[in-house]
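Just so you know, we're using the numbering used here here: the sequence shown kicks off at 16 and counts up by one. Think of the CB as a built atom: it goes at the ideal place given N, C-alpha and C, for glycine as much as any other residue. If you're wondering where the values come from, they're calculated on a predicted model, not measured in any experiment. Below: the structure, in structure tokens.
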Amino acid sequence: MSDIILMSVKEIASLLGLDRALIASWNHANRLPKPEWLVSGGKTPVWTEQTIKKWANSDEFVLSKIDTRAKSRLSK
């Protein structure tokens, strides 16, 4: 069993090789999956790495925006 890795908007941006502001705008536009938790007084969304990888790998829009290195990170 693998460890649960938590991801904020910043970590998602790093994983996908995209700008943090773009990921934040996707979150505000409800393009990201529903966060598993809201921390820091309910204002900061947090997802598991597994949720983000599953979402990114199944979303053609996201796949069209990321490069080969990011796609490689999604498969690990």
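Drop a sphere of 10 angstroms on the beta-carbon of residue i, count the other beta-carbons inside from all chains shown, and report buried for 16 or more, exposed for fewer.
{"i": "Ala36", "result": "exposed"}
{"i": "Leu53", "result": "exposed"}
Tell me whether the beta-carbon of residue i lies closer than 9 Å to the beta-carbon of residue j.
{"i": "Ile27", "j": "Ile67", "result": "yes"}
{"i": "Asn72", "j": "Leu89", "result": "yes"}
With distance defined between alpha-carbon atoms, name the residue in the options nearest to residue i.
{"i": "Pro60", "options": "Lys69, Glu75, Asn42", "result": "Asn42"}
{"i": "Leu21", "options": "Phe76, Ala44, Gln65", "result": "Gln65"}
{"i": "Ile38", "options": "Asn45, Val24, Lys49, Gly32", "result": "Val24"}
{"i": "Leu78", "options": "Leu31, Gly57, Ser40", "result": "Leu31"}
{"i": "Lys49", "options": "Ser87, Thr83, Trp70", "result": "Trp70"}
Report, in whole angstroms, the separation of the C-beta atoms of residue i and residue j, which I expect to be a contact under 8 Å.
{"i": "Thr63", "j": "Glu51", "result": "6 Å"}
| query | What runs of the alpha helix (DSSP H), each 4 residues or longer, lie entirely inside the region 36-76? | reply | 64-73
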